[in-house]
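Residue numbers (my numbering): 951 to 1036.
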Amino acid sequence: MIGLLAAILSTLNQFPQAYKVMKTKDTQSISLYMYCIVEVAIALWLVYGIMLRDFPLILANSLSLIPITYIFVVKLLHVISGKESI
């Protein structure tokens, strides 16, 4: 039960931040480097899950990529446009 709860919370942990970014459009205090690293790490976990044909691993990491990718892209667009620094 504890492991299941930990897995659910780990999968959903970035949704509140993504919601805040969506509402405020503010990513000033977010590190582009950190989200780049997290994006790659989660993508690698997803590839690993696909290689193992491990559905829970695939599902968890697919869901995790949604808010992480959103935050990363918004931050990257702000940096490219000159609105914010890295």
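Glycine is no exception: its CB is placed at the ideal position from the N, C-alpha and C atoms. Just so you know, these numbers come straight off a predicted model, no measurement behind them.
Let me check understanding here. Comparing Cα to Cα, which of the options lies closest to residue i?
i     : options                    : result
E1034 : Y969, M972 and L982        : L982
T961  : S1031, V988 and L1002      : V988
L1013 : K970, W995, R1003 and K975 : W995
Which first and last residues belong to the alpha helix (DSSP H) in which residue i is found?
i     : result
E989  : L982 to L1002
T974  : F965 to T974
S1014 : F1005 to S1031
I958  : I952 to L962
What's the gap between the Cα of residue i and the Cα of residue j?
i     : j     : result
H1028 : M984  : 15 angstroms
I1008 : V1024 : 24 angstroms
Y998  : I958  : 19 angstroms
G953  : V971  : 29 angstroms
I980  : I1000 : 30 angstroms
Quick test of your reading: residue i and residue j, contact by CB under 8 angstroms. State the CB separation rounded to the nearest angstrom.
i     : j    : result
P1017 : Q978 : Not a contact, Cβ separation roughly 18 angstroms.
N1011 : I992 : 5 angstroms
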